[in-house]
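Presented below is the structure to which this report refers.
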Amino acid sequence: MTEYSVTAQQAREHSIELSLEQLIACQYWAKESIPLPHKKTRAHLVGGHLSPFKGRGMEFSEVRQYQAGDDIRTIDWRVTARTGKVHTKIFQEERERPVYIVTDLQDTMFFGSKNRFKSTLACLHSARAFWAAFNSGNRVAGLFSTANDHLELKPSNRRQNGLRLLQQMMELHNQRLDAIYQEHSSFEVNQNALRDTLLRLRHLVKGGSLIYIFSDFMNLNSECQQHLTYLAQHNDIYGVMIADPLESTIPLPGQYTLTDGLSHIRIDADNRRDMQRHKESFEQRVAQVANYFTQAQSAFRLCSTEDSITDLSLDPALNSKAPNNKAAGL
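Printed below as a string of structure tokens:
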């Protein structure tokens, strides 16, 4: 990440500070419906058959008289004893699912060379995912974290709570943005922030949920992979890696200082060997992150700050479709 100086006022002028109006406007880019679970999982409580719904997945509908072929495990013995005739319970598939939106607002996210900051794009995609889930009748929860702050909002399908989710995400983003670009300020990186968020998710998420994770995954490690694997056993996970073109290539000649918030390196953009190493380093990091999600049997997508906000499909099943529209979006 190239170091340079910019004031909070300049940040506002270049539209990298978020507004609630922007996040509300994302509903117009959220025309997709949140899908029901895609992967099959082995049910442990009701026999050993495979169900396309993770977790409970079914809710009681009615009781009717037993018919040949009905599962004897669903017999309602109380009604049977009362009426003298065998009755069975009928269940129907749940048509909504909890959606958890995890947004990483570490300091490494507050950088961008095309259109917007990585943090801004992550928040816009988070808002778009919220509106898609809300419009589909799902309950939506939020987990937002910086190096020092962690914010949780419980699942809800009430519009008032949803607007509160967007408001608090915006405030956390803008507060950190102002703090970073104060004079003499320095970047803060918590290497355990993502791990702690995923660990917290394990205590909060119930089976059958859809989890979106928007991050640059600078701090993704083997412990994070363990938490992802555990969560993916009963939930669908969609990891969206937010990147910037300068992380893989530098178009202008010159000497640059790059940092991940912990270490610094100098790079000469005129030196082909330096530029090749720079590109390969980024590609290796993307491949490693993608491999973590693949091993957890979860969806993964790479997004760039130069992409349009609509380039990302919110359906994990369509994550392999490569973006080709480089319009500015919002």
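According to my numbering, the residues represented by the sequence shown are 545 to 874, in order. Here a beta-carbon is modelled for each residue, glycine too, at the ideal position from N, C-alpha and C.
Cβ contact (3+ pairs, closer than 8 Å) linking the stretch 615-629 and the stretch 715-726: no
Would you mind working out which of R746, F731, E561 and D851 sits nearest E767, comparing C-alpha positions? Locating residue 767 in the sequence shown gives position 223, counting from the first residue. Nearest of R746, F731, E561 and D851 to E767, Cα basis: R746.
Unbroken stretches of the alpha helix (DSSP H), 4 residues or longer, contained in the stretch 737-792: 737-748 and 766-776
Within its chain, find whatever has a CB closer than 6 Å to the CB of R672; leave out the 5 residues flanking it on each side and keep chain order. Position 128 of the sequence shown, counting from 1, holds the residue named residue 672. Within the same chain, R672 has close Cβ partners C570, W573 and A574.
Given R641 as reference, the closest of S680, N659, E561 and C667 once Cα atoms are compared: The sequence position of residue 641 within the sequence shown is 97, counting from 1. Answer by Cα proximity: S680.
From which residue to which residue does the beta strand (DSSP E) around K875 run? As displayed, the chain neither begins before 545 nor continues past 874, which places residue 875 out of reach and without an answer.
Secondary structure of G875, DSSP reduced to three states: Here the chain has residues from 545 to 874 only, and residue 875 is not among them.
Do T632 and V733 have their C-beta atoms within less than 8 Å of each other? To locate residue 632, count along the sequence shown from 1; it is residue 88. To locate residue 733, count along the sequence shown from 1; it is residue 189. Contact: no.
For L709, tell me which candidate among E696, D740, Q719 and F731 has the shortest Cα-Cα distance. One-based indexing of the sequence shown puts residue 709 at position 165. When each option's Cα is compared against that of L709, the closest is E696.
Spatial neighbours of T793 within its chain, please: C-beta separation below 8 Å, excluding the five flanking residues on both sides. Walking along the sequence shown from the start, residue 793 turns up at place 249. For T793, where only same-chain residues beyond five positions count, the Cβ hits under 8 Å are M819, H822 and K823.
Mapping the DSSP letters down to three states, classify A685 as helix, strand or coil. Working through the sequence shown from its first residue, we reach residue 685 at position 141. Residue state, collapsed to three classes: strand.
On the three-state DSSP scale, how would you describe R586? The count along the sequence shown starts at 1 and reaches residue 586 at position 42. Unreliable placement is indicated for R586, whose pLDDT of 37 sits below 50; the coordinate value is still reported in the next sentence. In this structure, R586 counts as strand in the three-state DSSP scheme.
Examine the Cβ distances between the stretch 618-629 and the stretch 684-701 and report whether three or more of them are shorter than 8 Å. no
Go ahead and pull the three-state DSSP assignment for I560. In the sequence shown, counting from the first residue as 1, residue 560 sits at position 16. Of the three classes helix, strand and coil, the one that applies to I560 here is coil, per DSSP.
Given this structure, state the Cα-to-Cα distance separating L564 from S663, to the nearest angstrom. The residue labelled residue 564 in the question sits at position 20 within the sequence shown. The residue labelled residue 663 in the question sits at position 119 within the sequence shown. Approximately 15 Å, taken between the alpha carbons.
Give me whichever residues DSSP pairs with H717 in a beta bridge. Taking the sequence shown and counting its residues from 1, the one referred to as residue 717 is at position 173. For H717, which the question treats as bridged, DSSP gives no partner whatsoever.
Sorted by chain position, which residues of the same chain lie with C-beta nearer than 6 Å to Q839's C-beta, five sequence neighbours on each side aside? Walking along the sequence shown from the start, residue 839 turns up at place 295. None.
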